[in-house]
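Here the working numbering runs 23 ahead of the position in the sequence shown, where the first position is 1.
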Amino acid sequence: MFIHEKLKQREHYTDIECSIADYVLEQEEGLEHQSARSIANQLYMAPSTIVRFFQKLGFQGFNDFKSAYLEEVKYLSSHFQELNPNTPFQYYDKNIVIANKMGQLYHEIIDDTLSLMHHDELQKVINMLNHAKTIYICSVGVQNEIAYTFKDKLLKIGKDVVIEDKCDEAFYRAAYCHQDDIFIIISYSGETENILKVARKLHQRHIRFLAITSYGGNSLTKLTDDVLYVSTREKLVNNLGNFSMNLATLLLLDILYMNMFNTDFHKHFESKVNVSHEYEQDRKSHNPIIKD
C-alpha cells in the first residue's frame, strides 16, 4: 500500500495524527528539507509526537519515513500523467478511441514496471530460480492462469514447477518443502492474510522466496529480500479490470523465463527442440490420421 493511502486512513488516527498526516500530504516534495523538529514547530507539537506517528506507520523514525515518502512522490509524479489506469476510458468513447487508449495504457504499464526493475536484483532472482530444485508458485485469482503459462515454458527446459492456487495447500508445501526449493508469491496488495501465512512459514524456515507485488512496501516485502515490483497505480477494487497487475505479472514472468533460458541458451534451445520434436512424433505415431 502506498504511504499516501496510509496517510489518508483517518479512522485509525487521533486528531493530532490527522494534523501530521495532512501536513505531510500538503508538503509532498517540500518535506525534503524538513526535520521532525521543524514539523513539530510548525504544528506546535513535541518532536517525539512527530516521531511516534511515523513509527506507527511502520518506519524507524522521521528520516526513514522521509526517504521512502519522497521516493514514492517521485514515482507517482512520473507515471500515468495522461491516463487513469483504473478507468482508462470513458463511456462515451468510440471503439477505436478505447482501442488506442488501451494500447497507450499497456505501453505505460510496461514502461512503469521496467522502471521499477534493477539489474542486480533481477540477476539475484534469476540465479535463485536457476538453482532451485522445485519452483512453487503461490497466488490467487487471475494471476494463477498467467502462472500456468510460465510453468509450461519452464517445463520445456527441464524445470520442475508446481502451482498452488489453494493457500492452505501452499502452506503445507511451505512447511515441508526442501531447503533448495524456491517459492514465487504473487500478491498485488501484499496484505492477503492467507498469502502472508505461507510467506511467514517460509521466512521461519529460512527458505527464500520471490515476491511479485506492488511498489511502496507492504507486509509481504518485509518477509523477503527478493522482490520484483509490478506497476502500482491501480486500485484494488475501483478499477475496470486489473489491467496493470495482469500485464505486469505476465511481463515479469516472461522476463524471468527468457533470462533463465539465456543462462545456457544453446543447451536449452537444443533440448526444447528435441523434446518437442519427440513429443510430436510420438503423438502422430499414435494418431496416424493427423497430418501436418
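From the three backbone atoms N, C-alpha and C, an ideal C-beta is built for every residue, glycine too. Bear in mind the structure is a predicted one, so any value in this text is a computation, not a measurement.
Query	Result
Inter-stretch contact (C-beta, 8 Å, three-pair minimum) for the stretch 211-222 and the stretch 120-128	no
For Ser162 and Ile209, believed in contact at Cβ under 8 Å, the rounded distance	4 Å
Cβ separation of Val250 and Ala234, assumed to be a contact under 8 Å, to the nearest whole Å	5 Å
Beta carbon of Gln65 nearer than 9 Å to that of Tyr46	yes
Which of helix, strand or coil DSSP assigns to Asp249	strand
Option in Tyr302, Val253, His300 with minimal Cα separation from Ser138	Val253
Nearest candidate by alpha-carbon position, reference Asn147, set Glu34, Ile39, Gln166, Thr247	The sequence given here has Lys at residue 147, not Asn. Answer by Cα proximity: Thr247.
Three-way DSSP call (helix, strand, coil) for Ala197 in this model	helix
Own chain, CB closer than 7 Å to Lys182, minus 5 neighbours either side, in chain order	Ile158
Alpha-carbon spacing of Gln83 relative to Lys176, whole angstroms	42 Å
Straight-line gap, Cys190 to Arg228 (C-alpha atoms, nearest Å)	17 Å
Unbroken stretches of the alpha helix (DSSP H), 4 residues or longer, contained in the stretch 120-162	142-153
Thr136 vs Leu276 beta-carbon contact at 9 Å	no
Assigned exposure category for Thr37 - 16 Cβ within 10 Å defines buried	exposed
DSSP beta-bridge partners of Ala234	Ile208, Val250
Contact set for Asn217: own chain, Cβ-Cβ below 7 Å, skip 5 residues either direction	Cys190
Where Arg196 falls, given that 16 or more other Cβ within 10 Å makes a residue buried	buried
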